[in-house]
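Just so you know, the sequences run in chain order Y and S. When you read off a place in the first sequence, starting at 1, and then add 2, the result is the number in my numbering. When you read off a place in the second sequence, starting at 1, and then add 9, the result is the number in my numbering. Here a beta-carbon is modelled for each residue, glycine too, at the ideal position from N, C-alpha and C. Here the structure is a predicted model, which means the values were calculated and not measured. Presented below is the structure to which this report refers.
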Amino acid sequence: MASKPKAAKGEGRAKASRKKTSAKAKSLANDDIGEETRLKLWRSLLEIRHVEQRAYDLFLQNLIKGTSHLALGHEAVAAGFATAMEKDDWTFCTYRGHHHTLARGASMEGVLGELMGRECGLLQGKGGSMHLTSVEHGAMGSYAIIGAHLPIAMGAAWTSQYKSTGQVSVCFFGDGTTNIGAFHEALNMAAVWKLPVVFVCENNLYMEYTPIGDVTAVENPAGDRAGSYGLPKIVIDGNDADEVYRTAQEAYAKARAGDGPSLIECLTYRHSGHSRADPGDYRPPGELEAWLKKDPVPRYRDRLADFGIDKKVIDGIDEKVMQQVEEATEISKASPTPSLELIEKDVWADGGVAWRN
Amino acid sequence: MSIDILMPALSPTMTEGNLAKWHKKEGDNVSSGDVIAEIETDKATMEVEAVDEGVLGKIVVSEGSENVQVNAVIGVLLEDGEDPEDIKASARSAVAHPDAAEAGQEAPAPEKTTDASGAVQPTREPVVAEKEFSGSAVKLTVREALRDAMAEEMRSDEAVFLMGEEVAQYQGAYKVSQGLLDEFGDRRVIDTPITEHGFTGLGVGAAFAGLKPVVEFMTFNFAMQAMDHLINSAAKTNYMSGGQMGCPTVFRGPNGAAARVAAQHSQCYASWYAHVPGLYVVAPYSAGDAKGLLKSAIRDPNPVIFLENEILYGQSFDVPDDPDWTVPIGKAKVVREGSDVTITAFSIMVGHALAAAEELSQQGIDAEVIDLRTLRPLDTESIVNSVKKTNRIVSVEEGWPVAGIGSEIAAIMMEHAFDWLDAPVARVCAADVPLPYAANLEKLALPRPADVVNAAKAVCYTD
Chain Y
3 MASKPKAAKG
13 EGRAKASRKK
23 TSAKAKSLAN
33 DDIGEETRLK
43 LWRSLLEIRH
53 VEQRAYDLFL
63 QNLIKGTSHL
73 ALGHEAVAAG
83 FATAMEKDDW
93 TFCTYRGHHH
103 TLARGASMEG
113 VLGELMGREC
123 GLLQGKGGSM
133 HLTSVEHGAM
143 GSYAIIGAHL
153 PIAMGAAWTS
163 QYKSTGQVSV
173 CFFGDGTTNI
183 GAFHEALNMA
193 AVWKLPVVFV
203 CENNLYMEYT
213 PIGDVTAVEN
223 PAGDRAGSYG
233 LPKIVIDGND
243 ADEVYRTAQE
253 AYAKARAGDG
263 PSLIECLTYR
273 HSGHSRADPG
283 DYRPPGELEA
293 WLKKDPVPRY
303 RDRLADFGID
313 KKVIDGIDEK
323 VMQQVEEATE
333 ISKASPTPSL
343 ELIEKDVWAD
353 GGVAWRN
Chain S
10 MSIDILMPAL
20 SPTMTEGNLA
30 KWHKKEGDNV
40 SSGDVIAEIE
50 TDKATMEVEA
60 VDEGVLGKIV
70 VSEGSENVQV
80 NAVIGVLLED
90 GEDPEDIKAS
100 ARSAVAHPDA
110 AEAGQEAPAP
120 EKTTDASGAV
130 QPTREPVVAE
140 KEFSGSAVKL
150 TVREALRDAM
160 AEEMRSDEAV
170 FLMGEEVAQY
180 QGAYKVSQGL
190 LDEFGDRRVI
200 DTPITEHGFT
210 GLGVGAAFAG
220 LKPVVEFMTF
230 NFAMQAMDHL
240 INSAAKTNYM
250 SGGQMGCPTV
260 FRGPNGAAAR
270 VAAQHSQCYA
280 SWYAHVPGLY
290 VVAPYSAGDA
300 KGLLKSAIRD
310 PNPVIFLENE
320 ILYGQSFDVP
330 DDPDWTVPIG
340 KAKVVREGSD
350 VTITAFSIMV
360 GHALAAAEEL
370 SQQGIDAEVI
380 DLRTLRPLDT
390 ESIVNSVKKT
400 NRIVSVEEGW
410 PVAGIGSEIA
420 AIMMEHAFDW
430 LDAPVARVCA
440 ADVPLPYAAN
450 LEKLALPRPA
460 DVVNAAKAVC
470 YTD
């Protein structure tokens, strides 16, 4: 049985600012997020949506040959958390990490080129879809071993605490990760040392192909474990970019104030299978359709319209992003495959490769 | 211009599949996103969506076709105003489409630098030669030398900190970190919970973000819990990220057998780590090398596996009395000169090799003993130069024989010293069994000086 998503509301942390107001009453004048940030969120949602769709198309055209795990449906989690970050904060994510890398500002051709194994890729074709990294944008790696990056993100948080830099580390992972030891090791140590790290569980209801509820002792795989580490249970609607953004702001403020980590469970859904080889047939009929009604992208389009933002502005951003995707695709297609000399580069910090003297 | 619809790959390993069904027929309008066909593989059935718009002008591969090659043209999409007759002119067929092949695929692979034997040659410049030390020396135990190395580096570099189980208040399970908490405080000397995966990952993340952690494993037996971080995160990231993220870390602690602690606490991991590109592996014997190499390891921008030995901790050696003195990583040391046979060893086995050399000298065999000190990058040159002189070699290690350091040395001899060898390479290793507990069995399982003597005599054909 697939676990049914709960009502998408922050549990146990009701706040006045979270109260739903009717769409009609919305006004930018009273809005805590504001037009500028809302349009940033909108752009970020679209960048992820269109690049992921393009990645899917390029895979059908056999131009992307490697494994890839798309985040179609998860856009609001990435857009919300990244938009609320400072430029020098750090992001750590899993092999499903295109969205987080893009949301930090890595270029589209850097991402698509890497997926295509081209020289213009973020890693010059040496890492592929599962290892997207852009240190200059604070995207500190995508990790393909479940759980590995939770302690690593905590280590980066250790560094910012050690140096008193105020930087926050944000670590994204799936619901399946909550059952591996590293999750618990990292949560415990981060809580003991009050490290400035925010752990974000993207609960898309499936660990690979298995409903998470079938293999997890509690209903909310992350939220229900928070209490074990002295943290409040936070479960939010991960398809609502505003709710994600506001939750992120609170967690970052807590981390920067020296009050330690947060564990946030975002309920969301992946629109495609686990990886490119997976059609997702195990999902019960109607589940995908129900979640598509909560698709974070059209939902945010409606939200902007409710706030009275001009349709031309909304559509204009969409068109501009689509144009960027086209350009990035062309750049990637035109980029050569990596130079063969690269095989012997960067095993060691001096750029070398020797295994004997 | 018409557009070819190609047989897609549903997974990176798929080379062919069945075209189960067409959802469109010739002449149908197709919009981007429409499901046009179903493809079957042994793993899954997937729907193929149209990427482009147009009219399905021609179905090249009919439904029900099996074993259709990936990239074969399965259909042709016509744009507005195009005539189906145009398709003939382009003479398409259901063969792999050249446009989709990766541009670099046909380029010849670069030739690897090899010598006459076909062995891959190192491309790195040799490490700088070790400085001769002419100043005064002090007598220190290995334990004290390691502590002094950490203290000196922590004094000179604020980014260095020590973390591990019992390293702070208890001052180390083997008392290696004595006095460090008092001098540097709990910000820089940190007791962790028992969570090897967790604190090793923390060290890696701290290094990615700019610090220089020294992570102590109470013993390397427990580091198997952290193997994922040591290999996947510490060793591989600099390469995978195209040099964006390096990992300046030292992972240190006792390795190998101690005494009567049985199989799970008595294993030599030297060859495990030496196998991994991206890790330096250091295993000193003397207190001077322990100090000089640990200082180099802490300063090095690469992840270093620093293998100590519990039995050696209490042994005393002369150590140069100079905080600026270091020993370069990657350089072996001839610790006893000789002309009849070369004996290579590292860590505690250097003591056994030296004892064996004394015994051999009384039997008229003049052995040269090389302390390898670093196992990756291994100092091939020093070993080969010695064998050119002695024409015989015995490799000694505390680890198991299969795929061990001795196996690597044997391969080096084949590649670089074959013409100088007067006898096959001999290996002295632990018995190929989990280490037993009882004293007599434990003694039997580990290499002894007498084993080294016997191996040396065998390669000298004096038995």
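Of all the options the options, which has the alpha carbon lying nearest to the alpha carbon of residue i?
i       : options                               : result
V461(S) : L363(S), P310(S) and Y248(S)          : L363(S)
C203(Y) : G75(Y), C95(Y), P338(Y) and K322(Y)   : C95(Y)
V259(S) : V393(S), T246(S), G360(S) and L288(S) : L288(S)
I154(Y) : P222(S), A354(S), A182(S) and P458(S) : P222(S)
V60(S)  : N76(S), E75(S), G84(S) and S165(S)    : G84(S)
S70(Y)  : S264(Y), G129(Y) and A356(Y)          : G129(Y)
F315(S) : L15(S), D51(S), H425(S) and D298(S)   : D298(S)
E319(S) : A467(S), A412(S) and V185(S)          : V185(S)
N80(S)  : I48(S), D89(S) and N449(S)            : I48(S)
I345(Y) : L87(S), I199(S), G252(S) and G262(S)  : G252(S)
R45(Y)  : R56(Y), G107(Y), Y97(Y) and T93(Y)    : G107(Y)
G115(Y) : M156(Y), A57(Y), D34(Y) and Q63(Y)    : A57(Y)
T24(S)  : R261(S), K466(S), E75(S) and L220(S)  : E75(S)
L155(S) : S71(S), S325(S), T246(S) and N241(S)  : S325(S)
Cα separation between residue i and residue j?
i       : j       : result
I266(Y) : E343(Y) : 43 Å
K140(S) : A306(S) : 17 Å
G73(S)  : D92(S)  : 27 Å
D297(Y) : G183(Y) : 32 Å
G323(S) : A268(S) : 14 Å
G8(S)   : V39(S)  : What is shown of chain S runs 10 to 472, which leaves residue 8(S) out entirely.
V434(S) : E225(S) : 35 Å
P445(S) : S275(S) : 9 Å
V290(S) : A266(S) : 18 Å
S264(Y) : S166(Y) : 19 Å
A243(S) : G255(S) : 8 Å
C277(S) : M233(S) : 12 Å
P456(S) : Y183(S) : 24 Å
A330(Y) : I316(Y) : 21 Å
L134(Y) : G26(S)  : 30 Å
A259(Y) : E88(Y)  : 15 Å
N62(S)  : W350(Y) : A small fix is needed here, since residue 62(S) is Glu in this sequence, not Asn. The straight-line gap from Cα to Cα measures roughly 48 Å.
A192(Y) : L65(Y)  : 41 Å
G215(Y) : A228(Y) : 17 Å
A243(Y) : V323(Y) : 18 Å
L171(S) : E121(Y) : 39 Å
A296(S) : A160(S) : 15 Å
S391(S) : E424(S) : 15 Å
Between residue i and residue j, which are expected to be in contact by the criterion C-beta below 8 Å, what is the C-beta distance as a whole number of angstroms?
i       : j       : result
V246(Y) : G82(Y)  : 3 Å
A86(Y)  : I50(Y)  : That pair is no contact at about 16 Å.
V79(Y)  : G310(Y) : At roughly 26 Å, the Cβ-Cβ gap does not stay under 8 Å, so V79(Y) and G310(Y) are not in contact.
L202(S) : N190(Y) : The sequence as given places Pro at residue 202(S); Leu does not occur at that position. The Cβ separation is near 6 Å, so the contact holds.
W160(Y) : L211(S) : 6 Å
H76(Y)  : T249(Y) : Their Cβ separation, rounded to whole angstroms, is 15 Å, which puts H76(Y) and T249(Y) out of contact at 8 Å.
D388(S) : G339(S) : 6 Å
D110(Y) : V53(Y)  : This sequence places Met at residue 110(Y); Asp is not what is there. Indeed, because the Cβ distance is near 5 Å, the residues count as touching under 8 Å.
A353(S) : S404(S) : Correcting the residue type first, residue 353(S) is Thr in the shown sequence and not Ala. Contact flag correct, Cβ pair sits at about 5 Å.
T399(S) : V344(S) : Wrong, their Cβ atoms sit about 15 Å apart, outside the cutoff.
Would residue i be called buried (16 or more neighbouring beta carbons within 10 Å of its own) or exposed?
i       : result
D13(S)  : buried
A110(S) : Confidence in A110(S) is poor, its pLDDT being 41 and thus under 50, which makes the residue's placement unreliable; the coordinate value appears in the next sentence. With fewer than 16 Cβ atoms within 10 Å of its Cβ, A110(S) is classed as exposed.
A420(S) : exposed
D157(S) : buried
K300(S) : buried
A25(Y)  : With a pLDDT of only 46 at A25(Y), under the threshold of 50, the placement of this residue in the model should not be trusted; the figure read from the coordinates follows. Looking at its Cβ environment, which holds fewer than 16 other Cβ atoms inside 10 Å, A25(Y) is exposed.
P287(Y) : exposed
F185(Y) : buried
Y145(Y) : buried
Name the chain A residues whose beta carbon is nearer than 7 Å to that of residue i?
i       : result
Q253(S) : The question asks about chain A, but that chain is absent: this structure's protein chains are Y and S.
Between the segment 217-225 of chain Y and the segment 291-310 of chain Y, can you find at least three pairs of beta-carbon atoms closer than 8 Å?
Not touching, per the Cβ criterion.
Counting Cβ pairs closer than 8 Å, one from the segment 275-288 of chain Y and one from the segment 333-351 of chain Y, do we hit at least three?
Segment contact: the segment 275-288 of chain Y against the segment 333-351 of chain Y, fewer than three CB-CB distances shorter than 8 Å; contact not assigned.
Mind the definition here: the segment 157-169 of chain S touches the segment 185-201 of chain S only if three or more C-beta pairs lie below 8 Å; say whether that holds.
Yes: the two stretches touch, three or more of their Cβ pairs being nearer than 8 Å.
Any contact between the segment 168-177 of chain Y and the segment 225-238 of chain S? By contact I mean 3 or more CB pairs, one from each, below 8 Å.
Result no; under three Cβ-Cβ pairs closer than 8 Å.
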